[in-house]
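**Student:** A single structure is presented below for examination.
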Amino acid sequence: MNDTFDAIVVGGDVNGLTAAAYLARAGRKTLLVEPRNELGGDCENIAFSDGFVMPVLHEVHALDPQVVRDLKLARFGFRLAARDLPAVVISGAQQPLVVSRDAFLTSRNLGGTSRVDSEAWGIFRYKALGLARALRAMWWSAEQRVDVDFDQILRLPLITWLESKFESDALKTALAFEILESGCSPAEIGSTLQLHWRLAQEAGGLQAACAFPAGGPAKFAEALVHAARAAGVTVRTGVRVDRIITLGCRVAGVVLANGEEIFARMVHCSASRAETFASLLPTAIEGIAHSADSTVSWPAPGIARLAFGLDALPEFASTNDGKARYFIIDRLASLVSAHSAAQFDQMPDELPLELVFPSIFDRSFAPIGQHLMSVTVYAVPRTTDGSSAGMRESLVAKVLAAIARRVPEITRHVKASHVLMPGDLSARYGMDATMPAAIRLCTTWADRIMTPVDGLYMCGRTAEPSRAISGRAGRIAAEMALQRGLV
Amino acid sequence: MTPILASPFHARTASSNIQNAWTSRNGFTLATAYASASEEALAARTSVVIADISWRWRVMLQGPNVKVCLDRLLTRDVGPLEPGSSLKALWLSDGGGVRGAGAIARFGKESFLLVSAARDARWIEMTTALFGVRAHDITLEQGGISVVGPYAQHTLSAAGLDPEIEPLQFRKLFWRGLDVTLSRWGELGGYEIWCGAEDAIIVWDRIVTAGTPFNIQPAGLSALDVLDVEAGVARPLRDWMPANDGNASIPSPFTLKLERLIDDAKLDFNGRTGWISSRSIQRRTLIGLELESDIPAPHAPLFRDGQLVGHTMTSVYSPGLRRAIALALVDLDHSAVATKLTVSLPPSMEAPVPRDAAAWIGDLPFLNSPVPIA
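From first to last, the protein sequence lines stand for chains F and R.
This note's numbering numbers the first residue of the first sequence as 20 and each following residue consecutively.
This note's numbering numbers the first residue of the second sequence as 967 and each following residue consecutively.
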């Protein structure tokens, strides 16, 4: 069957769904095609072992509030189970440090280790959040006009910048953890700007907050699916796009794996730019020099996701009643070393861990009386694919050993586990392309979304300034395409 | 750094180069002129000349994806080419600027030879790597001579070669024990003979012996440049700088009057979008100039009514026209045939004070290339 649409969206992840919904709302006949049977990309839950459910991603901090508002996602069941998870740093031999939205409480917490930091925290937080808000225009809208000078924070690595602000290693570690999801090292040029990107984001109406949707990020994706269908998007799952049809240097549609041709004046692709041009388009269509440049990649560490079913909460989770993100690493220097090792394909001696207990604010993630401990392992070699069974066990053991150093009894409480290695994540959800933070955060939306191929737009996660569940790239890609008025 | 290379014919060119006048092109040491460039250029129009063209860059492109690769690389479609035939094409940077020009010859189903006056190895390597095509530079493995003039066919026949071959055609031959390729890829109306480097001297001697009754003489690079300019052929690196930056949009095919080597109907060649966008903003074009002087004026500014309107590129004395001529780039508004311009002549021993000469824009080519007599 050959058919014609105004727009085709390739990929049903959060950004693909968002782009499709906006295009359909604007009256364009829109088709969304997803190779998997499930929509939502990595915003999904995976059941394992007798009632435990692992959210592939265990927090949100960068959802585009305009997307939530415009698509009326609350009507489709989206709500937050936890709005503002503070950070708890468990490092070295010190007492855990809680860094929360309440500047007074945080200052008081810091007083035990550093009076200087305790006095500096309030002003620091006020200024950093203010600057981050001023920089929002660079990341939240296509126009990207910014009236502040951010040259200093662009050039300074985060560890240097933090060194000039604070004494407490735990506090510096807490702030450094906030940038790890982006793949950026705290020692990298642009890492201070990366932190300000993170501080600029919003969750549940709160700046720099970290939230957990009821039902996990999967529910956010589910709400998007409903919104897209309600807007009139035609959705086809279990269907792979074999190639994008081009006439010279403009798109004309797609060819599916079953040979079906579907024509459209615009195609939005949520895969990475590198993957799109390598797999779906004629070789070198974007130009020989451009193609040769894009084969150069920037090494970045991978991320692993683990979930443990527990029959009791570990002791450290009593801090803040388990309603927090727990950062585990010995000290800041270890975090930097780990990133560096993983960047160049070495398993670090010490792994930076972020723990969240979703079952505390949403019972659907564990059987009654039991708990789910969701762990993000930052700084794992990207090439770790777990193809050897020993690799998974080894990672589980290493993670549990790291937690056990703080809570020796943890191993007794583990009843089940599930592991997603970096290779699993890229095989399931596609590879993330990487770029140095300084370039990524300063590149315009037009450069990230537009392509040399007329009518082709990149709307996926790699079109975002930083790796996060957002929807913003999908919204802006749709807006740009509609403004060009091809259809 | 470009290495210093000796042509496979060097032993013969050296013994003929009584003036010991040498130059280099593409790294090869070549005779500038054996006697005088004017005499040699004139001989190419009245009898026959033999010229060493081993410096022409040649790269063999092979593999199952070679056709797809050339579709992306070149501005014309090689699909219709049969083995034994070739066409002229350009390759452009991503921005639409001309990187190179040359002949693409089909040797087999998955085998093509690219021949060009200037090397562009990095770009070709980059492109072939993207498509998984093998690129093998055979420039140093072979020698090449050009046989040009009204008696070129007679010379080849006398040497035992069948000269019945159309322009842009070529044939692989077993010529009295030697494997050679006889081609007509050049712009000067003659023939080219390509051979293994080890056979070069034998080939040279055979052609010189066969051409002696027709007064064959060797022609140096300067004589070939004269013939080029008379034919209106501008060469990369000699006359214009190729677009070395991957995104450059100049020089444009329009400016160099090379749009005849672009197939408008071909949608997918590299740089097409940039070329089309730049068409409407081009300010200059290639023209031919006849100077009111015997003294050539290369790379000299051109004026009209005191206003700078362009510059010359290569300029030579044309024995056929008995005056200096030049290829030049001028502003479009001043490019009409018969427009009178003023050119600054370089100082010389005979005329040490710089002076101006009048120059008229003429039709290109100034002179048609010598046609071999059957």
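Heads up, the beta-carbon is just placed ideally off N, CA and C, and yes, glycines get one too.
1. In chain order, what residues of the same chain have a beta carbon less than 7 angstroms from the beta carbon of Ala100/F, not counting five sequence neighbours either side?
2. So, helix, strand or coil for Ala497/F, using DSSP?
3. Tell me which same chain residues have a C-beta within less than 6 angstroms of the C-beta of Ile1104/R, skipping the five on either side of it?
4. Which class does Leu1047/R belong to by DSSP, given the choice of helix, strand or coil?
5. Contact defined as beta carbons within less than 8 angstroms: I believe Ala1266/R pairs with His1277/R. What is the distance between those atoms, to the nearest angstrom?
6. Give me the residue from Asp22/F, Phe363/F, Ala283/F, His287/F with the minimum Cα distance to Ala39/F.
7. For the ligand MG, any of its heavy atoms closer than 6 angstroms to the Cβ of Gly1066/R?
8. Since Leu1079/R contacts Ile307/F with CB under 8 angstroms, what's their CB separation in whole angstroms?
9. So Val1081/R and Gly1068/R are supposed to be a Cβ contact under 8 angstroms. How far apart are they, rounded?
10. Please confirm if Ile307/F has its CB atom under 7 angstroms from at least one CB of chain R.
11. Look up Gly1254/R in the DSSP assignment and give the residues it is bridged to.
12. Run through DSSP, which three-state label would Tyr1000/R get?
13. Enumerate, from N- to C-terminal direction, the unbroken alpha helix (DSSP H) stretches of 4 or more residues contained entirely within the region 57 to 92 of chain F.
14. Answer with yes or no whether the minimum CB distance from Arg1038/R to chain F is below 7 angstroms.
15. Return the Cβ separation of Met392/F and Phe335/F in integer angstroms, given the expectation that the two are a contact with Cβ distance under 8 angstroms.
16. Beta-carbon separation of Ala228/F and Asp61/F under 7 angstroms?
17. Give a yes or no on whether the minimum CB-CB distance between Thr1093/R and chain F is below 7 angstroms.
18. Could you tell me whether the Cβ of Gly1063/R comes closer than 7 angstroms to any Cβ of chain F?
19. Would you mind sorting Glu373/F into buried or exposed? The rule is 16 or more other CB atoms within 10 Å of its CB.
20. Among Ser119/F, Pro367/F, Asp368/F, Phe67/F, which residue has its Cα nearest to the Cα of Leu225/F?
21. What does DSSP give as the partner residue(s) for Gln1108/R in the beta ladder?
22. Is Arg1270/R helix, strand or coil by DSSP?
23. At the 7 angstroms Cβ level, is Ala247/F part of the contact set with chain R, yes or no?
24. CB Arg47/F to CB Asp83/F, shorter than 7 angstroms?
25. Spatial neighbours of Arg1100/R within its chain, please: C-beta separation below 6 angstroms, excluding the five flanking residues on both sides.
26. Check the Cβ-Cβ distances between Ser210/F and every residue of chain R, and say whether any is below 7 angstroms.
27. Measure the alpha-carbon distance for Ala250/F versus Ala43/F and round it to whole angstroms.
28. Pull up the distance between the alpha-carbon of Leu1187/R and that of Ala1166/R, whole angstroms please.
29. Let me make sure I understand the geometry here. Which of Arg991/R, Ala1003/R, Ala972/R, Leu971/R has the alpha-carbon closest to that of Gln985/R?
30. Would you grab the beta carbon distance between Ile488/F and Leu76/F for me? Rounded to a whole angstrom, and I think it's under 8 angstroms.
31. Determine, using beta-carbon pairs with one atom in the region 1111 to 1130 of chain R and one in the region 1008 to 1024 of chain R, whether at least three such pairs fall under 8 angstroms.
32. What residues of chain F sit near Arg1238/R, judged by a beta carbon separation below 9 angstroms?
33. Using a beta-carbon distance cut-off of less than 7 angstroms, what residues from the region 349 to 360 of chain F approach chain R?
34. Identify which residue in Leu300/F, Pro441/F, Val254/F, Thr211/F has its Cα closest to the Cα of Asn56/F.
35. Quick check: the region 1132 to 1149 of chain R against the region 991 to 1008 of chain R, are at least 3 beta-carbon pairs closer than 8 angstroms?
36. State the DSSP-derived secondary structure class of Pro974/R, mapped to helix, strand or coil.
**Tutor:** Inspection of the coordinates gives the following:
1. Phe231, Pro232, Ala233, Phe380, Asp381
2. helix
3. Arg1024, Met1026
4. coil
5. 7 angstroms
6. His287/F
7. The ligand MG is absent from the structure shown, which contains no ligand whatsoever.
8. Not really, about 20 angstroms apart at Cβ, beyond 8 angstroms.
9. 5 angstroms
10. yes
11. Leu1293/R, Gly1328/R
12. coil
13. 84 to 89
14. yes
15. The Cβ separation is near 11 angstroms, so there is no contact.
16. no
17. yes
18. no
19. buried
20. Ser119/F
21. Gly1162/R
22. strand
23. no
24. no
25. Gln1028, Gly1029
26. no
27. 6 angstroms
28. 18 angstroms
29. Ala1003/R
30. 6 angstroms
31. yes
32. Gly267, Cys268
33. none
34. Val254/F
35. no
36. coil
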